[in-house]
Amino acid sequence: MLHPDRFFSAEPSQRDIARALYALVKDLPIVSPHGHTDPAWFARNEAFPDAASLFIKPDHYIFRMLYSQGIEMERLGIARRDGVPVETDNRKIWKLFADHWHLFRGTPSSIWFSHALETVFGVTETFSSKNADAIFDTINSELATPEFRPRALFERFNIEVIATTESPIDALNHHQALATDPWQTAGLKTGERKGLPRVVTAYRPDPVVDPEFEGFAQNLFRLGELTGEDTQHYHGYIRALETRRAFFKKLGATSTDHGHPNAETYDLTDIEAAALYDRALEGELDDDECDLFRGHMLVEMARMSCEDGLVMQLHPGSYRNHNEKVFDSFGRDKGADIPRRTDYVHSLKPLLNRFGNSKSFSMIVFTLDETSYTRELAPLAGHYPALKLGPAWWFHDSIEGMLRFRHSTTETAGFYNTVGFNDDTRAFLSIPARHDLARRIDCRYLAQLVAERRLSDDDAAEVAVDLAYRLAKAAYKL
Amino acid sequence: MLHPDRFFSAEPSQRDIARALYALVKDLPIVSPHGHTDPAWFARNEAFPDAASLFIKPDHYIFRMLYSQGIEMERLGIARRDGVPVETDNRKIWKLFADHWHLFRGTPSSIWFSHALETVFGVTETFSSKNADAIFDTINSELATPEFRPRALFERFNIEVIATTESPIDALNHHQALATDPWQTAGLKTGERKGLPRVVTAYRPDPVVDPEFEGFAQNLFRLGELTGEDTQHYHGYIRALETRRAFFKKLGATSTDHGHPNAETYDLTDIEAAALYDRALEGELDDDECDLFRGHMLVEMARMSCEDGLVMQLHPGSYRNHNEKVFDSFGRDKGADIPRRTDYVHSLKPLLNRFGNSKSFSMIVFTLDETSYTRELAPLAGHYPALKLGPAWWFHDSIEGMLRFRHSTTETAGFYNTVGFNDDTRAFLSIPARHDLARRIDCRYLAQLVAERRLSDDDAAEVAVDLAYRLAKAAYKL
Amino acid sequence: MLHPDRFFSAEPSQRDIARALYALVKDLPIVSPHGHTDPAWFARNEAFPDAASLFIKPDHYIFRMLYSQGIEMERLGIARRDGVPVETDNRKIWKLFADHWHLFRGTPSSIWFSHALETVFGVTETFSSKNADAIFDTINSELATPEFRPRALFERFNIEVIATTESPIDALNHHQALATDPWQTAGLKTGERKGLPRVVTAYRPDPVVDPEFEGFAQNLFRLGELTGEDTQHYHGYIRALETRRAFFKKLGATSTDHGHPNAETYDLTDIEAAALYDRALEGELDDDECDLFRGHMLVEMARMSCEDGLVMQLHPGSYRNHNEKVFDSFGRDKGADIPRRTDYVHSLKPLLNRFGNSKSFSMIVFTLDETSYTRELAPLAGHYPALKLGPAWWFHDSIEGMLRFRHSTTETAGFYNTVGFNDDTRAFLSIPARHDLARRIDCRYLAQLVAERRLSDDDAAEVAVDLAYRLAKAAYKL
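Chains as they are written, first to last, in my numbering: chain A, 309 to 786; chain B, 309 to 786; chain C, 309 to 786.
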């Protein structure tokens, strides 16, 4: 099923070059500096449940597409907030997915799923309504074996290091447990990190810096409890955030992550910020003031990054929970987050004015608005020492999306203002598929440059390894 | 002249796959669910006039390009509002067009025109100043024969069903005449619609829902006359719109169409809407209030669609009549409508909040702002059950435009949230050319996916037929 | 090193067609209608200094990329405003550049530099840290010879005519000197301009029409001195601008150039404009009023163009001096100008309403916001007689940028609403490289059209010459 030349250009000269480049990178260890796997998997190393619970229920790429074609989420076993019962027969859910498999033609979900079926479970038939039952059984029986426990898969996937993402009010119990677990620091077979941790955390403060986040005030109370700081006042709040950053750093974090609705940054005075904070605690900020507070906190986070060296990631531009009915019934992260137009050139200026030229600061910016690649982001990254471009993200973590990213950014920002690949996934089994796809597409792009005499063979070989491995380690200090 | 492999990739492996896929779809009947042909042609079946009247004077793609290079529209026989005489020698107009034929190099107009010349009139020479006279004579003498009457061409073009577009204040005389004409329901040779109507209407209420439309108040008066409702008041107005929808539906309409300057929707109360309506009748609304009223009426139209099942089409984002001098001298639709930046994520939210999850509602959205494909439209269509993506429209109904559409939307929305092709044309003779081009480009795109192992041969064959035929019938309930 | 088929498609059928088309244009004279070379070079014909002063210090494409990777501009010999000493050892600067040559992989800078090394200096080795010293010496010794003086290179580069860009308050001493120099009008070996000037100026009034330009008030004082007009009042100011246009025209200018932050135009009354002008002189305008004044002056400039026939160029959409620290330390043009979102459809309307249909007016519009190609600029240029599209500019003067330009604009605006290539450079030695690249990419694009049967061989051959030579001469009246 999986053709060795898949995703390369069909044009023979480019395909041959791509194949040669890919041979250099396909077995490199996976560095996964940004993602959403559950640290409990690695800490507890319990067996994964069945196929539907693994592949469908947690994957909003899958169920959003099914929902768009009229399949109710209840029938897919997605839990409702109001406790109305939903489908619990996982075999039935799996079959429903198989019956609508044609909807995924031409999508990355189809690529990732097929890759996992074949490389993880050895399934080489085309998935269909007919074989759905048999494949469900195959997967489930394999998942019950020791070879399919999280740590075994981690090693089989040749992961050198993976970052999870946690909130400052997460106690990090699993990471604490891992810290004293020999598996965590046992020398890996490959790579250069022998003896270093395999699983690290990343600091994502959205729940405590975004006044519109559900439970903002309670989150701040909890932040106070965890740190012993007085988070009822701005200065205690700032100290609490710093305290948690230090704690996260101790548990391996090398980066922070910020998921804002836009890229706005504001450099307020402490007095202005404290006044906003007081009103944010009371839930009194209007939309513009929320932007102001979030934007100010990004600049504060940049300041802290200058001090503690954590690399700062900004993922702006998503309109969260666009579908009110779905949000009311099912909650967050149900495939209804929609990208929106995002400005960087004006928005990032306050932050860049303060820290953009600093040697002790490193910021990685992502976008869901591809129009900003050539117009704003590549020009900014091709100038500011502190700024780098994150890879094609979310909907753009796809063949076309990754090609557009390289075609749009390389000529202005080069390769060395980019940071390698992020899988950014909750779907552990898709990690090898995603990295493999990214490596193939980068090799395809490089092969085109070589075939068109825009890059030498030697340079392409070096860049291929940089994109697959070295840049991520360097950019994330891993 | 017309090469059998035209518009496929020049790369042999992809070309061969495209050729095989195209063989599956090239002879499928044409389903034309959205367009602007004149129902009088089919009702009366009179001979078309001469070549210039057929190809140049009504085609703003043609005369806009000539005008952009300094050729006065008067010389092209375009009638002026003020009655100043314009060129009436159609042979001279045709010759002027031929003398500037090089301006169309690389444009879809050149493709459509060449296709019609060869396949409809058997002209296989390259069009030029030298043979313009002879070709003019050939076309004119053929147009005078029975084989070139509208119904004969309709059958020769293998059109299964075509939708025209009419205003609620159109009496639909031609559609009424067709309703009792045996030709209209005579079983077609091909397709699955034996005995069903060949020509249907579509409901386009812009003249009565857009307060800025020329003659808005008079249009409402006429709407009242046609329906017997009191359109001087909001509730009578709403009832009148519903009455006309029912009448259109009786004459075959399965869809409505809405050509708004933007995609704004507003869910006003009846009291708010009625107050706006009163002032709209007096011509008192400012720009923002016009947006508000139009946006509210879109939500009202969606509500009616939920009730009567008409599929709702939204074509937003054109700045109409941008050139004031041309508008003053020649009126609407003279090639001076210019696309503009269009937001969907915020604008459509009120409408989608109410009806986006409804099983009884189907909305097809088009765009002239291609930046919204990956950022807004594919994500929205890949989530909301009621929302589908219309094909590449107007300036984007072109090789590059259609390729960009597929490359930008498929990975996020899949194929099955799209609706096949619309020719959207006033130029009857270009219909086979336009559908042929769309089929070739979709096959080209699918061939790339197959060649790059992103789609199986079998799946591609099925999708090719879906894109060329099945999706349009399903999406438009034809 | 320089492969004869470089930058063509790797697909053999397209490559072969591209090669044949390129053979038709590669030796055509260079017409350079817009650029920033120093007229002193041609007037004085003095030897260029060393390699670092030629290739690194004046080229913000080069030092912005080095700066983005943490190399201080002081180490590159970029002069500071405050007189703090910077590196003066040009060999050391050259070596630092060589040590970071990998940063330029995949960028146009790499293409231009390699082309100059090989075709101008005969260097065929790959540039590296190892041979940097030897190449530095080679270049420097060649630069000292008569064959590398500006005029000798001008002739060797087969430049037919070049336009420099000057401010109205520039006395044009070098152009005046050239006017009486026999070299300036000595018949050229090639082309059709025998006996006509080789070096012309272009009128760039930004320093005297943009109230935010450094030294605006002093610039106006100087404008008054040069013209004898009373520039303390609006009417004298307008007369002074007209007087200088006439002077520029006498010294060969055929065009004006306008580098505005946006494309806004406003058609104010004289009274409104005069009131703004008075306050602009006092530095009292806020941001919106600055836009208003600049926008009004664009319309005024268009009016003057109607009268004196100078072709008007508009280069909007750059956020100048985005990096405040860099601006404070090093001044303008240090690689920190960042493109931003730019509207044309609304912004240009006032100007187009007045002059868009005029036969005596010609306006060439550029963009840094590629989203406007298909949405706004190609539609506008495909309609308005006075409007034409400038080529892919600045960051988009690249392989991908030029391909996107053609792919996005041709289908709607055709080829004949575009104006050929602009090198727009300060880097004299890159001119042949830039024109060669543009010719190759246009031939590549045309080859694709031919291979896909979208354009005939004969038409492609004619268009290739139009794009490489004829269109620029016609559009700029050269």
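Built from N, CA and C at the ideal position, the CB exists for glycine as well.
Item	Value
Beta-ladder partner(s) of L695 of chain C, from DSSP	C:M671
Best match in C:N661, C:E550, C:F674, C:F663 for proximity to H623 of chain C [C-alpha to C-alpha]	C:F674
Test item: CB-CB of Y724 of chain A and V339 of chain A under 8 Å	no
Within-8 Å CB hit, A792 of chain B to chain A	Because residue 792 of chain B is not part of the residues shown, which for chain B are 309 to 786, the question remains open.
Three-state secondary structure (DSSP) of Q621 of chain C	strand
Nearest residue (CA-CA) to F363 of chain A, options A:Y692, A:V333, A:A328, A:F444	A:F444
Test item: CB-CB of G343 of chain A and T472 of chain A under 8 Å	yes
When B:G560, B:L461, B:D514, B:F555 are compared against T493 of chain B, the one with the closest alpha-carbon	B:G560
Spatial neighbours of L310 of chain C in its chain, beta-carbon cut-off 8 Å, leaving aside the 5 residues before and after	S422, H423, E426, T427
Touching by the beta-carbon criterion (3+ pairs, under 8 Å), the segment 733-741 of chain C and the segment 414-421 of chain C	yes
D750 of chain B (DSSP reduced to helix, strand or coil)	helix
Local Cβ density within 10 Å of A755 of chain B, reported as buried at 16 or more and exposed below that	buried
C-alpha distance - L332 of chain C paired with A440 of chain B, whole-angstrom precision	29 Å
Neighbour flag for A782 of chain B against chain A, beta carbons, 8 Å	no
Cβ of D767 of chain A within 8 Å of any chain C Cβ	yes
Interface residues of chain C facing P416 of chain B [CB-CB closer than 8 Å]	E719
Chain B contact residues for N725 of chain C, given Cβ-Cβ distances below 9 Å	M373, S376, Q377, L411
8 Å Cβ cutoff, E426 of chain C in contact with chain A	no
Members of the segment 667-691 of chain B near chain A, C-beta cut-off 8 Å	K667, T679, T682, R683, E684, A686, P687, L688, A689, G690, H691
P490 of chain C to N466 of chain C span [Cα, whole Å]	18 Å
A280 of chain B vs D616 of chain B beta-carbon contact at 8 Å	Past the boundaries of the shown model lies residue 280 of chain B; chain B is included only from 309 to 786, so the question cannot be answered.
Cβ pair T720 of chain C, F703 of chain B closer than 8 Å	yes
Distance between P699 of chain C and F524 of chain C (C-alpha atoms, nearest Å)	30 Å
8 Å Cβ cutoff, A759 of chain A in contact with chain C	yes
Closer than 8 Å at the beta carbon, the chain D residues around Y627 of chain A	You won't find chain D in this structure, because its protein chains are A, B and C.
Counterpart residues of T726 of chain A in DSSP-defined beta bridges	A:L697
Sub-8 Å separation of F350 of chain A and F435 of chain A beta-carbons	no
C-beta neighbour in chain C for I270 of chain B, strict 8 Å	Absent from the structure is residue 270 of chain B, since the part of chain B shown begins at 309 and ends at 786.
Distance between A689 of chain A and K696 of chain A (C-alpha atoms, nearest Å)	5 Å
Chain A contact for I793 of chain C (CB, 8 Å cutoff)	Because chain C here runs from 309 to 786, residue 793 of chain C falls outside it and cannot be looked at.
H566 of chain C - partner residues in DSSP beta bridges	C:L622
Residue range of the beta strand (DSSP E) that includes V394 of chain B	Careful: V394 of chain B lies outside any beta strand (DSSP E) and carries neither H nor E.
From B:I749, B:Y542, B:P569, B:F729, residue whose alpha carbon lies closest to that of A782 of chain B	B:F729
Inter-residue Cα distance where the pair is R512 of chain C and L411 of chain B	31 Å
Test: V333 of chain A CB closer than 8 Å to a CB of chain C	no
Proximity test, Cβ basis, 8 Å: I812 of chain C and chain A	Past the boundaries of the shown model lies residue 812 of chain C; chain C is included only from 309 to 786, so the question cannot be answered.
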